[in-house]
Amino acid sequence: MYVKPKKNLGQHFLTSEKIAAQIAGSINYPIDEDKKAGCIEIGPGTGILTKYLMQNPRLDLSVVEIDSESVEFLVANYPSLSIEHRIVEGDFLRLDLCKHFPGGFPIVCGNFPYNISSQIFFRILDYKDEIVQVVCMIQREVAQRIANHEGTKEYGILSVFLQAYYDIEYLFGVDETVFNPPPKVKSAVIRLTRNGVKQLPCDEKLFRTIVKMSFNQRRKMLRNSLAQFFTGSEAEARFLTMRPEQLSVKDFVELTQILSANRQL
Ligand code: SAH
């Protein structure tokens, strides 16, 4: 049985066993000796990475795959996974993860479909209280954007949101030659590990609004893009002429604190 790669599903099957093993081996979330941790693989395709994740005795692996042909392939080739009902056919962006994986899912892994990788990260953020570590392969530019800090041109909304809750490590780059078909872009593997922040010390909803509004007009100074929030207070002065890519997560938190105080005046 052969699964023909489907472009609209972002299917670029990895062909290097070595890199598959390296990705699976990059999970370093500490798991107690006598315990197992739930792990969801997003988009297993024909299972090259799945195979190595299954070899890790500490992982309780489940996979979510949208493509019925790939699911059929997995059921036929990975009987132990399918007997334990750990192959879920569905859209990761729409699944109620807590319902499908009641045993918990501290780890998420995968060679993500690049066309929806940002949406996957926003979904991961929805489950940040549950997901402790993410090891994934994505488009290299997106990896750089997520891992980069303020002051770089790649820094953006997703960098701020993810860095607020996760420590991010850029692990290694992967060439397009080890995929079938080769993607037009280069790839990279990153690891996200949940930091100690349960809740940001500010109004989190306003924080999200402010980050989005600032980056939506990335080249403008904050006094323009956030004009409606500023009141002329002294505390806000240092932010007025800044551009969003100059603000660290901590700066955005401080700005949110100031602007919510303004609102209560
Ligand atoms: N892990 C495999 C396949 C990677 S390609 C490998 O490394 O070879 C990305 C995979 O994600 C494809 O199998 C594609 O069908 C699947 N996919 C795409 N959109 C998805 C979604 N919304 N939810 C779950 N899986 C999805």
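Heads up, the sequence shown stops at 264 in numbering that gives the first Met the number 0, and the numbers go up one at a time, no gaps.
The C-beta atom is built at its ideal place from N, Cα and C for all residues, glycine as well.
Which stretch, first to last residue, makes up the beta strand (DSSP E) that contains residue i?
{"i": "M136", "result": "132 to 138"}
{"i": "Y51", "result": "Here Y51 belongs to no beta strand (DSSP E); instead the alpha helix (DSSP H) covers 47 to 53."}
{"i": "S186", "result": "186 to 193"}
{"i": "N110", "result": "106 to 110"}
{"i": "V87", "result": "86 to 88"}
{"i": "E40", "result": "36 to 41"}
In the DSSP assignment, find the alpha helix (DSSP H) that holds residue i and state where it starts and stops.
{"i": "L58", "result": "From DSSP, L58 is part of no alpha helix (DSSP H) but of the beta strand (DSSP E) over 58 to 64."}
{"i": "N223", "result": "221 to 224"}
{"i": "E68", "result": "67 to 76"}
Where does residue i sit, in a helix, a strand or coil, going by DSSP?
{"i": "Y266", "result": "What is shown of the chain runs 0 to 264, which leaves residue 266 out entirely."}
{"i": "C97", "result": "helix"}
{"i": "N179", "result": "strand"}
{"i": "A19", "result": "helix"}
{"i": "L199", "result": "coil"}
{"i": "F214", "result": "helix"}
{"i": "Y113", "result": "helix"}
{"i": "F91", "result": "coil"}
{"i": "L170", "result": "strand"}
{"i": "E253", "result": "helix"}
{"i": "I123", "result": "helix"}
{"i": "S247", "result": "coil"}
{"i": "T240", "result": "coil"}
{"i": "N27", "result": "coil"}
{"i": "A142", "result": "helix"}
{"i": "F234", "result": "The residue asked about is misnamed: residue 234 is Ala in this sequence, not Phe. DSSP places A234 in coil when its eight states are reduced to three."}
{"i": "V159", "result": "helix"}
{"i": "Q306", "result": "With the chain running from 0 to 264 in the structure shown, residue 306 is simply not present."}
{"i": "T208", "result": "helix"}
{"i": "K5", "result": "coil"}
{"i": "Q118", "result": "helix"}
{"i": "N147", "result": "coil"}
Does at least one heavy atom of ligand 2 sit under 7 Å from the Cβ of residue i?
{"i": "T45", "result": "Looking for ligand 2 in the displayed structure turns up nothing; the ligands present are ligand 1."}
DSSP has residue i in a bridge; who is on the other side?
{"i": "L267", "result": "No answer is possible for residue 267: the residues shown for the chain start at 0 and end at 264."}
Just confirm the distance between the C-beta atoms of residue i and residue j, as a whole number of angstroms; I'd bet it's less than 8 Å.
{"i": "I145", "j": "I189", "result": "6 Å"}
{"i": "L225", "j": "M212", "result": "6 Å"}
{"i": "Q143", "j": "E129", "result": "Q143 to E129, Cβ: 27 Å. No contact."}
{"i": "G103", "j": "C135", "result": "Going by Cβ atoms, the distance from G103 to C135 rounds to 19 Å, so no, they are not a contact pair."}
{"i": "R57", "j": "I30", "result": "4 Å"}
{"i": "T255", "j": "L205", "result": "5 Å"}
{"i": "G37", "j": "I115", "result": "Actually they do not touch by this definition, with Cβ atoms about 22 Å apart."}
{"i": "S186", "j": "I137", "result": "7 Å"}
{"i": "S247", "j": "E149", "result": "5 Å"}
{"i": "R193", "j": "K249", "result": "Not confirmed; about 18 Å, so no contact."}
{"i": "I86", "j": "V62", "result": "6 Å"}
{"i": "D90", "j": "I65", "result": "5 Å"}
{"i": "T14", "j": "V177", "result": "5 Å"}
{"i": "L60", "j": "E40", "result": "6 Å"}
{"i": "A75", "j": "Y51", "result": "So it is not a contact: roughly 19 Å between Cβ atoms."}
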